[in-house]
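Everything on this sheet refers to the single structure shown next.
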Amino acid sequence: MPAYAILGAQWGDEGKGKIIDYLSRRADIVARFSGGNNAGHTVINDLGDFSLHLVPCGIFSDGVMNVIGNGVVVDPDVLIEEMETLKQAGIDVSRSLMVSERAHLIMPYHVMLDTLAESERGDFAIGTTGKGIGPAYSDKTSRTGIRAADLLDLEGLRHRLEEVLPFVNRVLTKVYEVDSVSIDYILDKSRMWKDFLGPLIKPVGRYVNEVLDSGGTVVLEGAQGILLDLDHGTYPFVTSSSPTIGGASTGLAIQPKQITNVLGIFKAYNTRVGSGPFPTELFDDVGEGIRTIAKEFGTTTGRARRVGWFDGVLASYSNRINGYTSAVITRLDVLDHLDSLNICVGYKLDGDILDEPPGGVTALEKCLPVYETLDGWDVPTAGISNISELPTNARIYVDRLEELIGCPVDIISTGPHRDHTIMVRDILIS
Ligand code: GDP
Ligand code: IMO
Ligand code: MG
Numbered sequence: 157m158p159a160y161a162i163l164g165a166q167w168g169d170e171g172k173g174k175i176i177d178y179l180s181r182r183a184d185i186v187a188r189f190s191g192g193n194n195a196g197h198t199v200i201n202d203l204g205d206f207s208l209h210l211v212p213c214g215i216f217s218d219g220v221m222n223v224i225g226n227g228v229v230v231d232p233d234v235l236i237e238e239m240e241t242l243k244q245a246g247i248d249v250s251r252s253l254m255v256s257e258r259a260h261l262i263m264p265y266h267v268m269l270d271t272l273a274e275s276e277r278g279d280f281a282i283g284t285t286g287k288g289i290g291p292a293y294s295d296k297t298s299r300t301g302i303r304a305a306d307l308l309d310l311e312g313l314r315h316r317l318e319e320v321l322p323f324v325n326r327v328l329t330k331v332y333e334v335d336s337v338s339i340d341y342i343l344d345k346s347r348m349w350k351d352f353l354g355p356l357i358k359p360v361g362r363y364v365n366e367v368l369d370s371g372g373t374v375v376l377e378g379a380q381g382i383l384l385d386l387d388h389g390t391y392p393f394v395t396s397s398s399p400t401i402g403g404a405s406t407g408l409a410i411q412p413k414q415i416t417n418v419l420g421i422f423k424a425y426n427t428r429v430g431s432g433p434f435p436t437e438l439f440d441d442v443g444e445g446i447r448t449i450a451k452e453f454g455t456t457t458g459r460a461r462r463v464g465w466f467d468g469v470l471a472s473y474s475n476r477i478n479g480y481t482s483a484v485i486t487r488l489d490v491l492d493h494l495d496s497l498n499i500c501v502g503y504k505l506d507g508d509i510l511d512e513p514p515g516g517v518t519a520l521e522k523c524l525p526v527y528e529t530l531d532g533w534d535v536p537t538a539g540i541s542n543i544s545e546l547p548t549n550a551r552i553y554v555d556r557l558e559e560l561i562g563c564p565v566d567i568i569s570t571g572p573h574r575d576h577t578i579m580v581r582d583i584l585i586s
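Counting the sequence shown from 1 gives a position; our numbering is that position plus 156.
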């Protein structure tokens with residue numbers, strides 16, 4: 157019954173998509189457990205280059221069932237469009253995809269409210285992806301959300317909308333002074349969503365459990381990263397879900413004891429999209445060089461990602477929260493051109509040296525990184541798939557990251573393609 161949780165260990169975009177695609181070849185199920193189409197997971201394999209926002213990254217592997225769990229917020233229009241795009245690329249999605257009946261739906265008014273709230277915040281904007289994520293999760297916790305199961309009962313959905321839409325419309329018209337949304341508009345869309353998605357909406361929690369109980373292998377696909385977690389991230393500059401290990405359990409209705417492997421995916425440096433503290437951020441040519449070489453632009457919004465040195469304080473914190481059984485280092489090749497590299501090993505704050513990030517966002521803003529400098533490597537690592545070919549200084553760099561994270565680095569990624577992967581220790585059940 158192995159279940160592998162694949163978790164973003166920084167601020168998202170660590171390369172989870174690539175690693176999930178790599179691991180899913182030996183899986184029975186790949187299941188997303190949190191977030192929505194704020195995620196952008198890149199997969200590059202022999203079938204092509206893909207950007208997935210809702211469909212799990214196991215979709216390219218034969219015989220794998222892909223599950224969208226109850227913890228995910230689903231924009232039905234986006235899911236349908238993504239399925240169509242995959243179909244056009246020759247990938248048949250409909251028979252290998254399920255959506256939890258308990259997953260909440262992102263409604264058109266959630267997308268409107270996200271954008272309106274961001275412009276209202278002005279200088280304090282979070283820099284959300286504008287996909288309606290915050291408002292959809294807010295409705296979930298306010299108990300005014302619409303779930304996938306509601307699409308299967310359109311009469312019941314009408315009653316539900318009669319209950320929740322008047323308040324939404326008061327906010328739209330009176331607070332933001334924009335047009336209201338009609339029940340008929342939402343019901344017309346829901347009819348179309350039901351025709352397309354209805355056959356995929358299922359009690360997936362039970363299905364995942366049955367596969368695990370019968371000895372199957374499940375890959376739990378995380379989205380975002382721990383530093384964007386609602387509780388453990390750099391609040392309020394976070395997303396509205398739980399990309400951490402706890403979210404893997406609640407977002408799929410599986411028991412914590414069923415999760416046998418917890419993989420923390422770390423970039424060999426740090427990036428962040430949107431606002432919020434970033435102690436090791438680079439504002440110089442070194443940062444610009446990394447951004448250009450690595451094409452650090454958001455998969456979902458196209459925004460330039462902020463770039464910085466690897467932050468060992470946050471990495472160790474990330475491991476303390478999630479308890480990784482393996483760390484995965486991605487994008488090592490991006491650092492091939494550097495003569496020397498800094499790693500943050502502590503924070504200076506008001507005369508003290510900290511080994512954990514402070515919880516307050518203003519205190520974290522004030523933290524100054526304490527750096528250790530390592531030599532670069534002269535032989536490129538790009539595309540290497542055998543550990544024996546890794547240049548000595550690259551090995552020294554990875555070993556230092558391993559010490560700081562506090563768990564073994566079992567996989568190193570040296571390029572975007574599935575094959576550009578070094579399995580340092582075979583953690584896969586065959
Ligand atoms: P995710 O959200 O965690 O799935 O990551 P994204 O797909 O948003 O961003 C990761 C980017 O890094 C994508 O463009 C990947 O193709 C790319 N990538 C992943 N691993 C590697 C690697 O080892 N080297 C390089 N050069 N690119 C990588
Ligand atoms: P993947 O799965 C990177 C960031 C946004 C913003 C904050 C809140 O590809 O790693 P939201 O729209 O969620 O309310 O935005 O979270 N963010 C991500 N950053 N990767 C992601 O997903 C992200 N999903 C959300 O940029 O700062
Ligand atoms: Mg991404």
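Every residue gets a Cβ at the ideal spot worked out from N, C-alpha and C, and that includes glycine. Fair warning: this is a prediction, and the values are worked out from it, not measured in the lab.
Rounded to whole angstroms, what is the Cα-Cα separation between Ser496 and Asp531?
Taking the sequence shown and counting its residues from 1, the one referred to as residue 496 is at position 340. Taking the sequence shown and counting its residues from 1, the one referred to as residue 531 is at position 375. So the two alpha carbons sit approximately 4 Å from each other.
- Could you give the C-beta distance for Cys500 and Tyr480, rounded to a whole number, given that I count them as a contact under 8 Å? Position 344 of the sequence shown holds residue 500. Position 324 of the sequence shown holds residue 480. With a Cβ gap of about 19 Å, Cys500 and Tyr480 do not count as contacting.
Requested in this report: May I ask you to list the residues that DSSP assigns as paired with Pro223?
Outcome: Numbered from its first residue, the sequence shown carries residue 223 at position 67. Reading the sequence as shown, one finds Val at residue 223 and not Pro. Paired residues: Ala187, Met254.
Exercise. For Ala281, name the three-state secondary structure that DSSP assigns.
Key: The count along the sequence shown starts at 1 and reaches residue 281 at position 125. Coil.
Exercise for review: Could you tell me which residues DSSP puts in a beta bridge with Met579?
Suggested key: As a working mapping, residue 579 is identified with position 423 in the sequence shown. Answer is Ile567, bridged to Met579.
key: Under 8 Å between C-beta atoms of Val228 and Tyr391   = The residue given as residue 228 occupies position 72 in the sequence shown. The residue given as residue 391 occupies position 235 in the sequence shown. No, these two residues do not count as a Cβ contact at 8 Å.
#### Entry: Nearest candidate by alpha-carbon position, reference Pro536, set Val490, Asp566, Asp344, Leu510
Here residue 536 refers to the residue found at position 380 when the sequence shown is read from its first residue. Selected option, being the one with the closest Cα: Val490.
- Query: If we count Cβ pairs, one from each stretch, closer than 8 Å, do we get three or more for the segment 239-246 versus the segment 267-277?
  - Reply: no
| query | In chain order, what residues of the same chain lie with their CB nearer than 7 Å to the CB of His576, ignoring the 5 residues before and after it? | reply | Start at 1 with the first residue of the sequence shown, and residue 576 comes out as number 420. Within the same chain, His576 has close Cβ partners Gly539, Ser541, Ser569, Thr570.
> Does DSSP put Val249 in a helix, a strand or coil?
Replying inline: Walking along the sequence shown from the start, residue 249 turns up at place 93. Coil.
Quick one: which unbroken beta strand (DSSP E) runs of 3-plus residues sit fully inside the segment 437-495? Chain order, please. 462-464, 482-486
ask   = If you pair each beta-carbon of the segment 214-228 with each one of the segment 188-198, do three or more pairs fall below 8 Å?
value = yes
*Taking the alpha-carbon positions, what's the Ser472 to Thr198 distance?*
Within the sequence shown, the letter at position 316 stands for residue 472. Within the sequence shown, the letter at position 42 stands for residue 198. So the alpha carbons of these two residues sit roughly 26 Å apart.
query: For the alpha helix (DSSP H) that contains Ile415, what are its first and last residues?
result: Taking the first residue of the sequence shown as 1, we reach residue 415 at position 259. Note, Ile415: premise wrong, no alpha helix (DSSP H); not H, not E.
Check: Is it buried or exposed for Leu368, if we count other Cβ within 10 angstroms and need 16 for buried?
Finding: For this step, residue 368 is matched to residue 212 along the sequence shown. The residue in question, Leu368, is buried, as its Cβ has 16 or more Cβ neighbours within 10 Å.
- Cβ shell of Asp306 (< 7 Å), same chain only, five flanking positions each side left out: Against the sequence shown, residue 306 aligns to sequence position 150. The answer, listed in chain order, is Gly312, Leu313, Arg316.
For Ala424, list the residues DSSP reports as bridge partners.
Residue mapping note: residue 424 aligns to position 268 of the sequence shown, counting from 1. Paired residues: none, contrary to the question.
- Val490: CB within 7 Å of a non-hydrogen atom of ligand 1: Along the sequence shown, one-based indexing puts residue 490 at 334. Yes, ligand 1 has a heavy atom inside 7 Å of this Cβ.
| task | Find the nearest neighbour of Cys213 within the set Asp467, Cys523, Ala183, Gly420, judged by alpha-carbon distance. | result | Indexing the sequence shown from 1 puts residue 213 at position 57. For the residues Asp467, Cys523, Ala183, Gly420, the minimum Cα distance to Cys213 belongs to Ala183.
(request) Please find out if some non-hydrogen atom of ligand 1 comes closer than 7 Å to the beta-carbon of Thr570. (result) The residue you call residue 570 lines up with position 414 of the sequence shown. Yes, the beta carbon of Thr570 sits closer than 7 Å to at least one heavy atom of ligand 1.
> Should Leu488 be labelled buried (16 or more other beta-carbon atoms within 10 Å of its own) or exposed?
Replying inline: The residue given as residue 488 occupies position 332 in the sequence shown. Buried, by the Cβ-count rule.
* So Thr529 is in the beta strand (DSSP E); what residue range does that whole segment cover? -> For the purposes of this step, residue 529 is identified with residue 373 of the sequence shown, where counting begins at 1. Thr529 -> beta strand (DSSP E) spans 524-531.
| query | Touching or not, the segment 369-386 and the segment 157-176, by the rule of three or more beta carbon pairs under 8 Å? | reply | yes
Margin query: Under 7 Å: does the beta carbon of His576 sit that close to some heavy atom of ligand 1?
Written below: Sequence index remark: in the sequence shown, residue 576 carries index 420 (1-based). Yes, since a heavy atom of ligand 1 falls inside the 7 Å radius drawn around the Cβ of His576.
Query raised in the report: Looking at Ile200 and ligand 1, is the gap between the Cβ and the nearest heavy atom below 7 Å?
Result: For the purposes of this step, residue 200 is taken as residue 44 along the sequence shown, with counting starting at 1. Yes, the beta carbon of Ile200 sits closer than 7 Å to at least one heavy atom of ligand 1.
- prompt: Going by beta carbon distance, what residues of the same chain come within less than 6 Å of Val127, once the five residues before and after it are set aside?
  reply: In the structure displayed, the chain extends from 157 to 586; residue 127 sits before or after that span and is not available.
Problem set entry | Nearest to Asp218 (by Cα), restricted to the options Val249, Thr455, Met254 | Translated into the one-based positions of the sequence shown, residue 218 becomes position 62. If we check each option's Cα against that of Asp218, Val249 comes out closest.
Practice task
Could you tell me which residues DSSP puts in a beta bridge with Lys504?
Solution key: Reading the sequence shown from its first residue, position 348 is the one you call residue 504. Ile509, Leu524, per the DSSP bridge assignment.
message: For a quick check, are the C-beta atoms of Ile262 and Val484 less than 8 Å apart?
response: As a working note, residue 262 is residue 106 in the sequence shown. As a working note, residue 484 is residue 328 in the sequence shown. No, Cβ-Cβ distance for Ile262 and Val484 is not below 8 Å.
Rounded to the nearest angstrom, what separates Ala195 and Gly173 at their Cα positions?
Sequence index remark: in the sequence shown, residue 195 carries index 39 (1-based). Sequence index remark: in the sequence shown, residue 173 carries index 17 (1-based). Going from the Cα of Ala195 to the Cα of Gly173 covers about 10 Å.
Any heavy atom of ligand 3 closer than 7 Å to the beta-carbon of Gly283? For the purposes of this step, residue 283 is taken as the residue at position 127 of the sequence shown. Gly283: no, Cβ never under 7 Å from ligand 3.
query = Any idea what DSSP makes of Gly361, helix, strand or coil?
reply = Along the sequence shown, read from residue 1 onward, the residue named residue 361 stands at position 205. Residue state, collapsed to three classes: helix.
In the DSSP assignment, what residue or residues form a beta bridge with Asp233? Taking the sequence shown and counting its residues from 1, the one referred to as residue 233 is at position 77. None; Asp233 has no bridge partner.
*asked:* Below 8 Å, how does it come out for the segment 431-444 and the segment 454-472: are there three or more Cβ pairs, yes or no?
replied: yes
Among Ala409, Ser482, Gly403, nearest to Val418 - alpha-carbon criterion
The sequence position of residue 418 within the sequence shown is 262, counting from 1. The shortest C-alpha separation from Val418 is found at Ser482.
So which of Ser256, Lys423, Asp340 has the shortest CA-CA distance to Pro232?
Here residue 232 refers to the residue found at position 76 of the sequence shown. When each option's Cα is compared against that of Pro232, the closest is Ser256.
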